[in-house]
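Scroll down for the structure; my scribbles are underneath it.
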Amino acid sequence: MKRFLGTAFGNYSIDRNRPDLAGTSRLSPHLHFGEISPRQIWHAVRQYAEKNGVTTWRTSQFLAEVGWREFSYHLLFHYPDLATKNFDARFDRFEWNAPDERMLAAWRMGRTGYPVVDAGMRELWTTGYMHNRVRMVVASFLVKHLLTDWRVGEDWFWDTLCDADAANNAASWQWVAGCGADAAPYFRVFNPVLQGEKFDSAGAYVRRWAPELARLPDRYVHRPWEAPTPPRDYPAPIVDHASAREETLARYGILKSGKKTFVDLASTNPLYFLKCCSNSDF
1 MKRFLGTAFG NYSIDRNRPD LAGTSRLSPH LHFGEISPRQ IWHAVRQYAE
51 KNGVTTWRTS QFLAEVGWRE FSYHLLFHYP DLATKNFDAR FDRFEWNAPD
101 ERMLAAWRMG RTGYPVVDAG MRELWTTGYM HNRVRMVVAS FLVKHLLTDW
151 RVGEDWFWDT LCDADAANNA ASWQWVAGCG ADAAPYFRVF NPVLQGEKFD
201 SAGAYVRRWA PELARLPDRY VHRPWEAPTP PRDYPAPIVD HASAREETLA
251 RYGILKSGKK TFVDLASTNP LYFLKCCSNS DF
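Heads up: the sequence shown begins at 1 in the working numbering, then just goes up one per residue.
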């Protein structure tokens, strides 16, 4: 905690989405195992900010992430089946693809042909950790490119993450799938190429975890199939992004015709929750 406040905290709001940088706190495993509490983190940040004249907007983004974690626990308390049942009951009739073991193996072992996805899954398998931005990308790929039930991904993360958390893991996977609380826009499909180019523009993260791509120029590192000489030991994409996106949006569109069954969250609305946190002794 002290190391984070003294180094990465100042640029957290900017660097937190960069998997090639040490821009996050890495406190999640310690939170999960109870070695530090949300209250300790909250007050440490507030005290540091007051002592060093740090503006509120610089602290708000990090504290909001702490608030989201607690919101996940709030959800799990009220919905104990969060890891196994859709929070939004409309998704009970969503048409997932039958499990394809070849596709699943490619995703789990980082052989999808999309560099940022593969780098993330290899980082996870090697270290038990994955950068949060990349978690969203690989989750979106499984759910919205492979049209695989989010519970398959939730199970895999539960088995492999060193910070696997009953509340966060379930709530986050449901958010990505679009069936969770405040999962808007649920129809968003992350483009793994553009995500890589935006948040790992020089390809440092990809080159670390997918060394087959290390010698590619920056312009090709997130789209190696376009290189004049694609690496022979790196797979071609297992699905086409444009086609997968079109199919996913078509299936999600079916849900629009059904009756809306979102539960009225009222006081469990995350924005309401975070507002309460900012005005209380958290």
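Virtual Cβ for every residue (Gly too), placed ideally from N, Cα, C.
As the structure is a computational prediction, the values presented were derived from the model and not from experiment.
Outcome for residue i when other beta-carbon atoms lying within 10 angstroms are tallied against a minimum of 16
{"i": "SER201", "result": "exposed"}
{"i": "GLY178", "result": "buried"}
{"i": "LYS144", "result": "buried"}
{"i": "ILE181", "result": "Before going on, a small fix: residue 181 reads as Ala here, not Ile. Label assigned to ALA181: buried."}
{"i": "GLN61", "result": "exposed"}
{"i": "LYS259", "result": "At LYS259, the pLDDT of 42 sits below 50, so the modelled position is not reliable; the number obtained from the coordinates is stated separately. Answer is exposed; the Cβ neighbour count stays below 16."}
{"i": "PRO115", "result": "buried"}
{"i": "ASP118", "result": "buried"}
{"i": "ARG16", "result": "buried"}
{"i": "GLN154", "result": "This sequence places Glu at residue 154; Gln is not what is there. When all chains shown are included, GLU154 counts as buried."}
{"i": "TRP173", "result": "buried"}
{"i": "TRP57", "result": "exposed"}
{"i": "ASP264", "result": "Any reading at ASP264 must be qualified, since the residue scores a pLDDT of 33, below 50, and its modelled position is unreliable; no value is offered."}
{"i": "GLU123", "result": "buried"}
{"i": "ALA242", "result": "exposed"}
{"i": "ALA250", "result": "exposed"}
{"i": "THR248", "result": "buried"}
{"i": "THR112", "result": "buried"}
{"i": "PHE77", "result": "exposed"}
{"i": "PRO211", "result": "exposed"}
From the options, residue whose alpha carbon lies closest to that of residue i
{"i": "LEU146", "options": "VAL189, PRO115 and THR7", "result": "VAL189"}
{"i": "ARG102", "options": "ILE238, PHE77 and TRP57", "result": "ILE238"}
{"i": "TRP107", "options": "TRP96, ASN97, GLY120 and GLU95", "result": "GLY120"}
{"i": "ALA244", "options": "PRO192, THR59, ALA204 and TRP125", "result": "PRO192"}
{"i": "VAL221", "options": "GLY203, ARG208 and PRO231", "result": "GLY203"}
{"i": "GLN195", "options": "ASP165, GLU35, SER140 and ALA166", "result": "SER140"}
{"i": "LYS2", "options": "ILE36, TYR79, PHE71 and LEU249", "result": "ILE36"}
{"i": "PHE105", "options": "GLU247, PRO235, ALA242 and LEU255", "result": "The displayed chain sequence assigns Ala, not Phe, to residue 105. Closest by alpha carbon: PRO235."}
{"i": "PRO29", "options": "SER172, LEU216, TRP209 and GLY128", "result": "GLY128"}
{"i": "LEU27", "options": "TRP156, GLU65, SER13 and ILE14", "result": "GLU65"}
{"i": "LEU213", "options": "ASP233, LEU142 and GLU197", "result": "ASP233"}
{"i": "VAL134", "options": "ALA242, PHE199 and ASP159", "result": "PHE199"}
{"i": "GLY10", "options": "HIS241, GLY53, TRP175 and LEU255", "result": "GLY53"}
{"i": "THR59", "options": "PRO80, LYS85, ILE14 and ASN86", "result": "ILE14"}
{"i": "HIS131", "options": "ASP88, PHE87 and VAL206", "result": "VAL206"}
{"i": "GLU197", "options": "LEU63, PRO224, ARG215 and TYR73", "result": "PRO224"}
{"i": "TYR12", "options": "VAL45, TRP156 and LEU216", "result": "VAL45"}
{"i": "ILE254", "options": "ARG215, PRO211, ASP240 and ARG90", "result": "ARG90"}
Integer-rounded CB distance, given that residue j should sit under 8 Å from residue i
{"i": "PRO99", "j": "VAL138", "result": "That belief does not hold up - the Cβ atoms of PRO99 and VAL138 are roughly 17 Å apart, past 8 Å."}
{"i": "THR148", "j": "TRP96", "result": "6 Å"}
{"i": "MET109", "j": "TRP125", "result": "7 Å"}
{"i": "VAL176", "j": "TRP150", "result": "7 Å"}
{"i": "PHE187", "j": "TYR252", "result": "5 Å"}
{"i": "LEU63", "j": "TRP42", "result": "6 Å"}
Cutoff 8 Å: residue i Cβ touching any chain C Cβ
{"i": "LEU31", "result": "In the structure shown, chain C cannot be found, because there is only a single protein chain."}
Next on the checklist: Tell me whether the region 47-60 and the region 17-28 touch, counting them as touching only if at least three CB pairs, one residue from each stretch, are closer than 8 Å.
Outcome noted: The answer is no - the region 17-28 does not touch the region 47-60, with fewer than three Cβ pairs under 8 Å.
Checklist entry - Just checking, does the region 226-240 make contact with the region 162-176 on the three C-beta pairs under 8 Å criterion? => result Touching, no.
Next on the checklist: Between the region 168-183 and the region 68-79, can you find at least three pairs of beta-carbon atoms closer than 8 Å?
Outcome noted: Because the criterion of three Cβ pairs below 8 Å is met, the region 68-79 and the region 168-183 touch.
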